[in-house]
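Read through the structure below, which is laid out as structure tokens, and then see the notes.
Protein chains in written order, with this note's numbering: chain A, 7 to 141; chain B, 3 to 574.
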């Protein structure tokens, strides 16, 4: 089967100061054969622009210090406006349980908090980038 | 260090001990060897005896208060005064933060000589250089710190606090100079001269970049800015501790024990060289340097790390920089118990981890402590978790009786051997960084990031494979019975602060302030171009006096000095 390499944008707010998890994630995803782009952003539209320009399959937001909810709202809206709601958006880091319902409303189900392993993340990405089969 | 007869006896006795140990080992391991190492990979034996320390000269250990200060900076330990309680405080609005400051003070938070130390952290928006009204501050106002960025917000925070009898520690990232200037302008309004103020600036610009790869000023500029603040304080603020060498951040990013102290000493040497270029003598600036060091899980290695750091800093400053005053050689250490060691699972277990870390710090003889709340893998500390973290320090200081004897582990064969090993491994890395042209060059080439990241990766893979036990994460897992109630900032925080910011800026006379900002800009450009007339800080204070905020001062700095970032945009 001829498959295009899955492209993943990992991104973190410029002011969010703990990137040990996301950098480890980037390394593990690269080793698993994905193409990984890593950026820091100041405004949510930068995430949307990069995701569209780079034609990624997945956007992963790393958040260690909260502040992810408004960002994700803008990102989901922006991707929708660009006609790219096929891009899977996931979030990793410290995500309070209280945010889960709001994230589900936005269509975000991939949440990788403390204790998540690279294998779980890879399984999730593989699952949701297989045609038409989103968890 | 020992009489030959002792060593001979040790050898004989050890022969029979080894036979007995081997018998037991065989029962458990069969033919496999006993393998153990410290957290940073230093191989360990099951027992240490005089033979292991015979190569260490007694002068290398010495007495507390004597060079190389292995056993402590001063002749006394905690007999007359324990370490300073220095918990990190900062949440939401200035009012909310002040409430927490008052609360912890009522609960017994005490600094030296009965003074209070307030260790205050600014919020994410302020760290980034954005006032609450800036669009880039959305979701980050009052998060992970306090929304304090102007004279009026400082007035709410410090109202009626005697600034000459209080140590105010400003935890900043790139905004060290703007916050320092606003604080001085505010203090002046209250009638305090700079020379009356006591406290601490971070003055370390590599937190964002080395620790998390984020935005910053160009690397050379960073150290020159640090030296500029030191120069200003050496002339005007004799009681101010200028620089906090932030080893803790490296540990949090993944550095192991010897990497943490080696990299941070290299960073300190880099700043010292900049200070000497400005014509300062080592004894003029070194006594006002301090260290913030992690106390992690590997109990003995972390103690040995502190003892080794004291030796390395003393020898470095005496032998490389020609320091003469003992204060220039002594490492004042603010311990930060390791946040990276805390788990989100079974969070109350973190109380046990931080208690052991605090005990380790006390046995190492540090000067101040921040103990994280047990809920810090989940949120910033609640009032309850902040109180319990303080209680850990109080129980150790007041109930265990460990404060009566200085450096109680001094002379232990294992501890002295391990201290010498930590010194050796750290010195190897320091020399390696020197050969690469020093800290700034080693950072620029990506070398420092690469070793820290490799160490972080090793840690995570060991946790994932179960080789490194983290209780609740990869062992003794359980369904959580009940979640702790987490601290949440008041949902109206951003709204309140945005309204305040708008009102403040509406009612301000901008003419004089804009003039001062223009002067500052010209001064910063001269500074960037190597024409340093030491006007940057006085002009920044003048702009702050005339009402400039952190966001406005940071904007001028970013524009004039250059800013390495994914995006540099004007404040909206």
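Cβ coordinates follow ideal geometry from the N, Cα and C atoms, glycine included.
Closer than 8 Å to the CB of residue 21 of chain A there is at least one CB belonging to chain B.
DSSP places residue 280 of chain B outside both helix and strand once states are collapsed to three, so it counts as coil. Contact with chain A is absent for residue 484 of chain B, since none of that chain's Cβ atoms lies less than 8 Å from the residue's Cβ.
Cβ-Cβ distances below 8 Å link residue 156 of chain B to 96, 150, 184, 185, 188 in the same chain, with the five nearest sequence neighbours on each side left out; the list follows chain order. The continuous stretches of alpha helix (DSSP H) do not include residue 414 of chain B, and DSSP gives it neither H nor E. Here residue 297 of chain B carries a strand assignment [DSSP, helix/strand/coil]. Under the three-state reduction of DSSP, residue 200 of chain B is assigned to strand.
For residue 17 of chain B, the secondary structure class from DSSP, reduced to helix, strand or coil, is helix. Counted as a single uninterrupted DSSP element, the alpha helix (DSSP H) harbouring residue 238 of chain B occupies residues 221-238. About 31 Å separates the beta carbons of residue 427 of chain B and residue 171 of chain B, which is beyond the 8 Å limit, so they are not a contact pair. Counting every other CB atom within 10 Å of its CB across the protein chains shown gives residue 377 of chain B a total of 16 or more, marking it as buried. A residue is called buried once 16 or more other Cβ atoms fall within 10 Å of its Cβ, and residue 383 of chain B is buried on that count. Burial is judged here by how many other beta carbons sit within 10 angstroms of a residue's own beta carbon; residue 177 of chain B has at least 16 and is buried.
Residue 255 of chain B is positioned such that its CB atom lies no closer than 8 Å to that of residue 381 of chain B.
The beta carbon of residue 475 of chain B sits closer than 8 Å to some beta carbon of chain A. Here residue 37 of chain B carries a coil assignment [DSSP, helix/strand/coil]. Nearest Cα to residue 363 of chain B within the set B/392, B/326, B/295, B/417: B/295. The alpha-carbon separation between residue 394 of chain B and residue 337 of chain B amounts to approximately 14 Å.
The beta-carbon distance between residue 258 of chain B and residue 452 of chain B, rounded to whole angstroms, is 14 Å. This is too long to meet the 8 Å contact definition. Using a Cβ-Cβ distance cut-off of 8 Å, the stretch 424-438 of chain B and the stretch 312-322 of chain B are in contact, since at least three pairs of beta carbons, one from each stretch, lie closer than that value.
In this structure, the straight-line span from the alpha carbon of residue 456 of chain B to that of residue 82 of chain A is close to 34 Å. DSSP places residue 390 of chain B in the uninterrupted alpha helix (DSSP H) bounded by 385-401. Fewer than three pairs of CB atoms, one per stretch, sit closer than 8 Å, so the stretch 124-137 of chain B makes no contact with the stretch 159-170 of chain B. Residue-level contact check: residue 48 of chain A touches chain B, since one or more beta carbons of chain B fall below 8 Å from its beta carbon. Flagged as an interface residue toward chain B: residue 72 of chain A, by a C-beta distance shorter than 8 Å. Residues of the same chain with a CB within less than 7 Å of the CB of residue 406 of chain B, apart from the 5 flanking positions on each side, are 81 in chain order. Shown here, residue 525 of chain B sits in a helix according to DSSP, grouped into three states. Residue state for residue 73 of chain B is assigned as coil, using DSSP reduced to three classes.
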